[in-house]
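Participant: Residue numbers (our numbering): 293 to 696.
We put the CB at the ideal spot given by N, CA and C, even for glycine.
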């Protein structure tokens, strides 16, 4: 019996047709654990889904992968929606995944937790980076939807609490794919042109999908890089977004954000009134002390009788002059007596005084002769006496036997 012969490509094409025509394989949702997850430079994702008894090769092309809201990781349990068919070149079947979601929780929740953990590890939530809000802002930039209720609440509260500040509204979309780049652009615009002292950004409440623009990494980094303090006011009290963690101050609601930014003018008026009362009391105390000092000065003799005061000062000056003159004379007398004593001592020690008693100084070649050893027979000597000098020549030398 003879069998027909087919090429390998023909067999693979036949199997592909069978797979593609099976409605069961055309729209499957498969549950499993991710393994060998790889992302190639082309943007395609290749991975394996497995359970305790088997494994299934999968591929997600770039177009579908761009819609992922979380980062798939090995070991994560997921639900994969797609179709199973044969790749003719390899003859292997695999799941062509069109949608991938975490099993048990929503993909947005997983994306939120992943981004939160990554930005926290990079230091974007550090308290050391938080800047204080200005106490009295001159200009306030509000980045939110121009048509929402939040902007009206913000303007109402700012006008009521602190009408002195100028409010700059930068309307942006706060929902949808276009919202993150518009929010980022508004934050950077305010910083570039220094339009405000503080930035308030946020929106009213909603689902996690509605608030997702403020969980976008681009918005988080724009808030972190802002040189102007940023207040994040997104949703209601239970809602916490990534923007809340990065911002300098987190407000529970947009209305609360306006309250945090703007001081209350009633409180300021009360505080100023208190300052006024304290300043008036302090000024009264100072005036009272000044009056007392003025009265004390007015009672002094110098003001009551200037001539008598000047006479007293003259008398005191004369007494000081006399005491100074006596002290100077006493000092001079003491110095004069000391000079006399020192002169007498110097005179007693003078060599000329000794020469006057019959002694002389003998020189040889300008040097004093102190011993017979300093002279020689025939040497010329000079003898200095009290009234002149003698020239002499050594005829003989006789040493004293007692020194021998």
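(1) Please state the DSSP three-state secondary structure of residue 344.
(2) Contact between the segment 363-375 and the segment 305-320 is defined here as three or more beta-carbon pairs at a separation below 8 Å; is this criterion met?
(3) Which two residues bound the contiguous beta strand (DSSP E) that contains residue 463?
(4) Hey, residue 458 and residue 484: beta-carbon distance below 8 Å or not?
(5) Using three-state DSSP, classify residue 637 as helix, strand or coil.
(6) Taking only three categories from DSSP, how would you classify residue 394?
(7) Considering only their Cβ atoms, is the gap separating residue 411 from residue 417 smaller than 8 Å?
(8) Could you give the residue range of the beta strand (DSSP E) that holds residue 553?
(9) Give the DSSP-derived three-state secondary structure of residue 365 in the structure shown.
(10) So for residue 491, helix, strand or coil by DSSP?
(11) Taking only three categories from DSSP, how would you classify residue 360?
(12) Reducing DSSP to helix, strand and coil, say where residue 466 ends up.
(13) Would you list the residues sitting across from residue 352 in a DSSP beta bridge?
(14) Does DSSP put residue 684 in a helix, a strand or coil?
(15) Using DSSP's beta-bridge definition, name the partner residues of residue 675.
(16) Consult DSSP for residue 325 and reduce its assignment to one of helix, strand or coil.
(17) Can you tell me where the alpha helix (DSSP H) holding residue 572 begins and where it ends?
(18) Would you say residue 450 and residue 582 are within 8 Å of each other, going by their C-beta atoms?
(19) With contact counted as at least three CB pairs below 8 Å, one residue from each stretch, are the segment 453-471 and the segment 385-399 in contact?
Facilitator: Walking through what the data contain:
(1) coil
(2) yes
(3) Residues 458-463.
(4) no
(5) helix
(6) strand
(7) It is a contact, given that the beta carbons lie within the stated cut-off.
(8) For residue 553, no beta strand (DSSP E) segment is defined; the enclosing uninterrupted segment is the alpha helix (DSSP H) at 546-553.
(9) coil
(10) strand
(11) coil
(12) In this structure, DSSP gives residue 466 a state outside helix and strand, which the three-state scheme calls coil.
(13) The partner list for residue 352 (beta bridge, DSSP) reads 337.
(14) strand
(15) 654 and 682
(16) strand
(17) Following the DSSP letters along the chain, one finds residue 572 inside the alpha helix (DSSP H) bounded by residues 557-590.
(18) no
(19) no
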